[in-house]
Amino acid sequence: MAWTKIKDALAASPGTECTIKGWVRTRRDSKAAGGLSFIAVHDGTCHDAIQVVAKGELDNYESEVVKLTTACAVEVDGVLAESKGQGQSVEVQASAIRVIGWVEDPDTYPVPQKRHTMEYLREQAHLRVRTNTFGAVARVRHALAAGVHRFFDERDYYYVHTPIITGSDCEGAGEMFRVSTLDMLNVPTAEGGVDYDQDFFGKEANLTVSGQLNVETYCSALSRVYTFGPTFRAENSNTSRHLAEFWMIEPEIAFADLSDNWALAEEMLKYLLDDVLTRRADDMAFFDLRIEKGLIDRLKHVIETPFRVLPYTEAIDILSKANKRFEYPVEWGLDMQSEHERYLTEEHFKQPVVVINYPKQIKAFYMRMNDAGTDGAPGDTVAAMDILVPGIGEIVGGSQREERLGALDARLDEMNLPKEDYWWYRDLRRYGTVPHAGFGLGFERLIQFCTGMQNIRDVIPFPRAPRQCEF
RNA sequence: UCCCCUGUAGCUCAAUCGGUAGAGCGAGCGGCUGUUAACCGCUAGGUUGCUGGUUCGAGUCCAGCCGGGGGAGCCA
């Protein structure tokens, strides 16, 4: 039962006896000295495969070893030795090779050892993790997720499991997926509409688009909390930066204002970048070499540079004076478009930028109203922030929340939102309300930022997007 | 949802003005070599996304449908 992980075998001393288990990447044969084969075997425990050296004297050399192809599963007994060849320090001199699982038809194996396009591999999502690139993405994704929990745990933030199914339709962050057990061919009606009273929950239910409103309730008792789970948006967006199902990290801090908020976001991003560069140095070196040249330097630059904090009003000023023709208009009160955000973070500042204090009309009802005249703005602003990073654009969106019941109600009225739908959210402002703030970080966009992967569908194991729900 | 590009061997792509379907990689077999993006030779592999139309003749032109990609919007 006991065997050695390839990660450990590669770090062990020559002379060590071991058994490894894994899958064949490549096999190269030599006729020298009665037969000699070099088999690269990987088991996913690290980026590299280990080289197994199989000699012709093995019992099953002619019958099995020389017939091994990419993806065959094998178990190898042997002793570690300093490699006589270039390219690796140690290798396994095999004393026995047992084939655990053959590839039934190597000619039609969908992921042979050759170059593939990302688009093709996306159609082979169940097999693509066997490639260098997707194995590295999977390990980096894990490292980032583990880093998120460690970061928060070290700072006394509690992980709160907010619900996936939500009965409130007031999250207001986009189109939702309906959850229902009603017979679609025979929908019960009442008063001209669907009678949701007969549905599973006795009311309309949807998949969550954000855990924020729920996590605020726990923030109002535990002080520092976060959620980290899947969220769902039924938007018909077809881009390399959007998914219908994606994971989001949403901390919420009590007794905090907007500056505490971006400080936490900046600290977390830098912590995670440093963490992944250290813990997954092998995979990050691969991304730097094969996916995006200069990736590691770019990330180190982000770690070392303080984020630039920029009021929205000032950002509009910079954009309107920029010597650049934009497709969309730049005007105070309009939301910034991708091209504007990209200009600020990629061309003007060339570093992550925290844009704060947006006009209230382009932001959500729960964001805290700023005092009139903040930043010299010509209109009302709210304590919102977006963090923009080169290459991705918006990676974090957050705000200080409106903790004053009167101001919150005024915003609900302004936006024609029925107060009764928000009864439990309003209760938080009635019973021991405190200033608090939080943000959402798109986990897949963070992985894109860390790996240089161009398409968000390639940093999640099984992407869900419009007309894409295979596997 | 909008704009643009695209669909040919397992994969990546050629195929001139509409005139008999090609290569590389991968795979199989053989050769060579402590090999490592190995190398050399041979072999197999095709309803050109689907349906219809124009034509003596369609991978190529036209229409519809389906799939894939890039950009935009929406956002994280």
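Taken in order, the first sequence gives residues 147 to 617; the numbers are from our numbering. For every residue, glycine included, the Cβ atom is placed at its ideal position computed from N, Cα and C. Quick caveat: nothing in here was measured; it's all calculated off a predicted structure.
On the criterion of 16 or more Cβ atoms from any shown chain inside 10 Å, does residue i qualify as buried, or is it exposed?
{"i": "I593", "result": "buried"}
{"i": "P524", "result": "exposed"}
{"i": "K177", "result": "exposed"}
{"i": "Y577", "result": "exposed"}
{"i": "D604", "result": "buried"}
{"i": "H288", "result": "exposed"}
{"i": "A611", "result": "buried"}
{"i": "L331", "result": "exposed"}
{"i": "M109", "result": "The requested residue 109 is not part of the displayed model; the chain covers only 147 to 617."}
{"i": "G233", "result": "exposed"}
{"i": "R379", "result": "buried"}
{"i": "A427", "result": "exposed"}
{"i": "G618", "result": "Residue 618 lies beyond the stretch modelled for the chain, which goes from 147 to 617, so this question has no answer here."}
Can you give me the C-alpha to C-alpha distance between residue i and residue j, rounded to a whole angstrom?
{"i": "A227", "j": "G161", "result": "6 Å"}
{"i": "G440", "j": "P581", "result": "41 Å"}
{"i": "L435", "j": "T172", "result": "21 Å"}
{"i": "W570", "j": "G598", "result": "42 Å"}
{"i": "L418", "j": "L290", "result": "6 Å"}
{"i": "P609", "j": "A400", "result": "34 Å"}
{"i": "L273", "j": "V257", "result": "7 Å"}
{"i": "K565", "j": "A556", "result": "10 Å"}
{"i": "G202", "j": "A157", "result": "27 Å"}
{"i": "R261", "j": "T277", "result": "10 Å"}
{"i": "R403", "j": "T150", "result": "The question names Arg, yet the displayed sequence has Asp at residue 403. Distance between the alpha carbons of D403 and T150: 50 Å."}
{"i": "S369", "j": "V333", "result": "44 Å"}
{"i": "F323", "j": "A409", "result": "34 Å"}
{"i": "E300", "j": "T373", "result": "16 Å"}
{"i": "V211", "j": "G247", "result": "13 Å"}
{"i": "E362", "j": "S383", "result": "28 Å"}
{"i": "L359", "j": "L465", "result": "33 Å"}
{"i": "F433", "j": "Q270", "result": "21 Å"}
{"i": "L214", "j": "L423", "result": "35 Å"}
{"i": "R575", "j": "M394", "result": "25 Å"}
{"i": "A553", "j": "M482", "result": "26 Å"}
{"i": "D567", "j": "I541", "result": "30 Å"}
{"i": "Y489", "j": "L587", "result": "21 Å"}
{"i": "D420", "j": "D302", "result": "20 Å"}
{"i": "K496", "j": "M513", "result": "28 Å"}
{"i": "T459", "j": "I606", "result": "36 Å"}
{"i": "Q239", "j": "F595", "result": "40 Å"}
{"i": "D251", "j": "T451", "result": "53 Å"}
{"i": "D343", "j": "T335", "result": "10 Å"}
{"i": "D205", "j": "T263", "result": "39 Å"}
{"i": "G522", "j": "Y266", "result": "52 Å"}
Considering residue i, what are the terminal residues of the alpha helix (DSSP H) in which it resides?
{"i": "I705", "result": "Nothing can be reported for residue 705: it is not among the residues displayed for the chain, which extend from 147 to 617."}
{"i": "M414", "result": "404 to 425"}
{"i": "T279", "result": "278 to 300"}
{"i": "T373", "result": "Note, T373: premise wrong, no alpha helix (DSSP H); beta strand (DSSP E) at 370 to 378."}
{"i": "W569", "result": "569 to 576"}
{"i": "G552", "result": "551 to 560"}
Taking 8 Å as the threshold (C-beta atoms), are residue j and residue i in contact?
{"i": "V371", "j": "N352", "result": "no"}
{"i": "A282", "j": "H193", "result": "yes"}
{"i": "C218", "j": "V294", "result": "no"}
{"i": "E398", "j": "S356", "result": "no"}
{"i": "I502", "j": "A530", "result": "yes"}
{"i": "V500", "j": "R572", "result": "no"}
{"i": "Y504", "j": "T520", "result": "no"}
{"i": "A518", "j": "N407", "result": "no"}
{"i": "I185", "j": "A155", "result": "no"}
{"i": "T216", "j": "Y255", "result": "yes"}
{"i": "G181", "j": "Y207", "result": "yes"}
{"i": "P309", "j": "T377", "result": "no"}
{"i": "V275", "j": "Y364", "result": "no"}
{"i": "G224", "j": "C164", "result": "yes"}
{"i": "E381", "j": "E438", "result": "no"}
{"i": "F298", "j": "A411", "result": "no"}
Terminal residues of the continuous beta strand (DSSP E) containing residue i?
{"i": "T216", "result": "It is not in any beta strand (DSSP E) - T216 carries neither H nor E in the DSSP assignment."}
{"i": "S484", "result": "That residue, S484, is in no beta strand (DSSP E); its alpha helix (DSSP H) goes 484 to 488."}
{"i": "M531", "result": "527 to 535"}
{"i": "H447", "result": "Here H447 belongs to no beta strand (DSSP E); instead the alpha helix (DSSP H) covers 441 to 450."}
{"i": "D175", "result": "163 to 176"}
{"i": "G584", "result": "582 to 588"}
{"i": "L273", "result": "Segment: none, L273 is in no beta strand (DSSP E) and carries neither H nor E."}
{"i": "L182", "result": "182 to 188"}
For the region 384 to 392 and the region 337 to 348, state whether three or more C-beta atom pairs, one from each stretch, are separated by less than 8 Å. no
Pairing CB atoms from the region 465 to 475 with CB atoms from the region 535 to 543, are three or more of them under 8 Å? no
Taking 8 Å as the cut-off, does the region 235 to 245 touch the region 209 to 225 (at least 3 CB pairs, one atom from each stretch)? yes
With three or more beta-carbon pairs closer than 8 Å as the criterion, would you say the region 542 to 557 touches the region 507 to 516? yes
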